[in-house]
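Since the structure comes first, as structure tokens, the remarks are kept for the end.
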Amino acid sequence: MIIFDSVSLILNNVKILEDVSFKVGKGEFVFLVGPSGAGKSTILKLIHYDIFPTAGTVTVRDVDTSRTGRSGIPYLRRSIGVIFQDYKLLKDKTAYENVAFALEVTGTKRKVVKQKSLQALHTVGMTHRLNHLPRDLSGGECQRVAIARAIVLEPFILLADEPTGNLDEDNAYSIIELLEKINHSGTAVLMATHRKEFAHRGSTRLITIKEGKVSGCTR
Amino acid sequence: MYALREAFRGMIRTPYMTLLSIVTITVTLTVLGAFGVATLFAHGALNKVRKSEEINVYLKDSMTDGDMLALDAVIAAMTEVESTRILSKEDARKEFEKMFGPDLLATIDENPLPRTIVVTMAEGFTTSDDLDTVASRIMHSNGVESVEYGREWMSKLDLVFVLFIIGETALVLLAVAACTLVISNTISMTVLARKDTIEIMRLVGATDGFIRRPFYVEGLVQGLLSGTATFGILYGVWRWLLHVAPDIDAYIYMFALPRQLVLSNEFLIAFIIPIGGFLGLIGSFTAVRRIF
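Line by line, the protein sequences give chains A and B.
Just so you know, the numbering used here puts the end of the first sequence at 219, numbered straight through with nothing missing.
Just so you know, the numbering used here puts the end of the second sequence at 1292, numbered straight through with nothing missing.
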């Protein structure tokens, strides 16, 4: 599903990744663990067609990202959900509008937008807060809305870049549980975190990144 | 629909910039429009002056009346010539006296002035080159003493006309550049103000065209609003001119402006609206392409 084959990346003469190889299978839950600056976010960006490898190949659902035309990228991104540490919600839109926005800007019909947005907010347990602006929501709630926005397009994989970074312990674990729930419904999850302890749960897999290289991989 | 809604939201989000942009473009377009009207007047005036230019063909006294009439017919048949008029020696004397008074010729017994064929050029054949061509053709005819016309003066008029066109083109280019720059800057501000939204749109897979469209619409709307405001100003001034100088229409005819231009004056001024829209579109296009 996602294959990194001897991927290296050099940006501004700095080696960011070196000979990185791993696979993420269909419906897997994989933790990408490593200290800050190890290259975890870069790996997620490579999957999301934000940047392209200097050497090696990144294959996403049988598509070599480097060979994709610029005009095709938006369509490919629709099958990849992304969440971040800082949520990236639009401040002037309510929880519902933030989720619906993802569908509106990809040309979904209004009737379908409403139905799918409410369904996504229901999945993350935010139906009761759908008319609230981000400033009126807690950090955990904001991240749930961000997750709803990421899954509303029904992606095959959800990329999570330090999604618990701004949350307290309880909220962090409840977000992990939510991601596990989404994973159980068939969506693969690739979560980048510097907290190794999250990875020792259930049937998850762990890839350790250190100084731009894969230093360990379970299973 | 989304593009239109977002375009209006964008303008509401940065109201002062939008207002400033519309006012600046309106002022520029008004100057452009006023200059356009002035150009029509000036163009008409120049044509009128050109049209009044005549060639005087002075004839030898020895030429018979029959030969004179034959020559007159030949000249009148030329494509470049609109009409001819024969001045007898007596007519020439009267015209001379009308211009310089009776005293000058009073001391001379015999009328020294020659018979003259006055040639009026046809429309479209009034440049100094046209006059040269016709004059040289007549010059070699039998019985012609000399041919006179304001050659030097006509050349100067041609030069004035060319300078006028150059000045006009420069002003149009300047106005276009100013409008484009102002709209481009306003749209740039809007794009920067919506940086977060654009980032999220990209994140969820919105196409570049979809992201850019609201900004194009915003530029177009700003241009159209400015064009409409300019139309209001120019039309108001035109109505006011008609009020204070009701014979302005006659004045335009005097300057030989094409009749249909005068009759459809509102239409002519309204043309500034799509011009505004077009400039708005160019401005937003420049801004969006510059930023992403």
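For every residue, glycine included, the Cβ atom is placed at its ideal position computed from N, Cα and C.
The structure presented is a predicted model; accordingly, all values stated were derived computationally and were not measured.
What is the rounded straight-line gap between the Cα of phenylalanine 1164 of chain B and the Cα of valine 1037 of chain B?
-> 14 Å
Pull out every residue of the segment 74-96 of chain A whose Cβ sits closer than 7 Å to any Cβ of chain B, in chain order.
-> Pro74, Tyr75, Arg77, Arg78, Val82, Lys88, Leu90
CB contact flag (aspartate 1196 of chain B, lysine 213 of chain A, <9 Å) = no
List the DSSP bridge partners of glutamate 1148 of chain B.
-> B/Asn1056
Can you grab the Cα-Cα spacing for the pair valine 1032 of chain B / arginine 1013 of chain B, in whole Å?
-> Note that residue 1032 of chain B is leucine in the sequence shown, not valine. Distance between the alpha carbons of leucine 1032 of chain B and arginine 1013 of chain B is about 30 Å.
Check the DSSP bridge columns for glutamate 191 of chain A and list the partner residues they point to.
-> Checking the sequence shown, residue 191 of chain A turns out to be methionine, not glutamate. Answer is A/Phe31, A/Ala160.
Can you find a C-beta in chain B that's less than 9 Å from the C-beta of glutamate 180 of chain A?
-> no
By the 10 Å Cβ neighbour count, where 16 or more other Cβ atoms means buried, how is glycine 1205 of chain B classified, buried or exposed?
-> buried
So with Cβ pairs under 9 Å, would you call arginine 135 of chain A a contact of chain B?
-> no
So, is proline 163 of chain A buried or exposed, given that buried needs 16 or more other C-beta atoms within 10 angstroms?
-> buried
What beta strand (DSSP E) runs, 3 residues minimum, are completely inside the segment 1198-1248 of chain B?
-> none
Which class does glycine 216 of chain A belong to by DSSP, given the choice of helix, strand or coil?
-> strand
Nearest candidate by alpha-carbon position, reference proline 1021 of chain B, set B/Thr1064, B/Val1182, B/Ser1128, B/Thr1030 = It should be noted that the sequence gives serine, not proline, for residue 1021 of chain B. The option with the nearest alpha carbon to serine 1021 of chain B is B/Val1182.
For arginine 1194 of chain B, count neighbouring C-beta atoms within 10 Å of its own C-beta (all shown protein chains included) and say buried if the count is 16 or more, exposed if not.
-> buried
Partner residues on chain A for phenylalanine 1210 of chain B, Cβ-Cβ distance less than 7 Å | Val105
Measuring only between beta-carbons, confirm whether tyrosine 1235 of chain B sits less than 9 Å from chain A.
-> no
Reduced DSSP category for valine 61 of chain A - H, G, I as helix; E, B as strand; rest coil = The sequence given here places arginine at residue 61 of chain A; valine does not occur at that position. Arginine 61 of chain A falls in the coil class under three-state DSSP.
Which residues in chain A sit within 7 Å of threonine 1197 of chain B, going by Cβ to Cβ distance?
-> Leu90
With distances taken from CA atoms, which of A/His194, A/Lys181, A/Gly216 is nearest phenylalanine 29 of chain A?
-> A/Lys181
By the criterion of Cβ-Cβ separation under 9 Å, what are the contact partners of valine 1288 of chain B in chain A?
-> In chain order: nothing, as chain A lies at least about 16 Å away.
For valine 1204 of chain B, decide whether its Cβ has a neighbour in chain A, counting only Cβ atoms nearer than 9 Å.
-> yes
Terminal residues of the beta strand (DSSP E) in which glutamate 18 of chain A lies = 14-24
Pick from B/Thr1120, B/Val1118, B/Glu1123, B/Arg1093: whose alpha carbon is nearest that of aspartate 1109 of chain B?
-> B/Arg1093
If we call anything under 9 Å between Cβ atoms a contact, is alanine 55 of chain A one with serine 6 of chain A?
-> yes
Between phenylalanine 4 of chain A and chain B, is there a C-beta pair that is closer than 9 Å?
-> no
For alanine 102 of chain A, return the contacting residues in chain B, with the cut-off set at a CB-CB distance below 7 Å.
-> Val1204
Let me know the secondary structure DSSP gives phenylalanine 84 of chain A once reduced to three states.
-> strand
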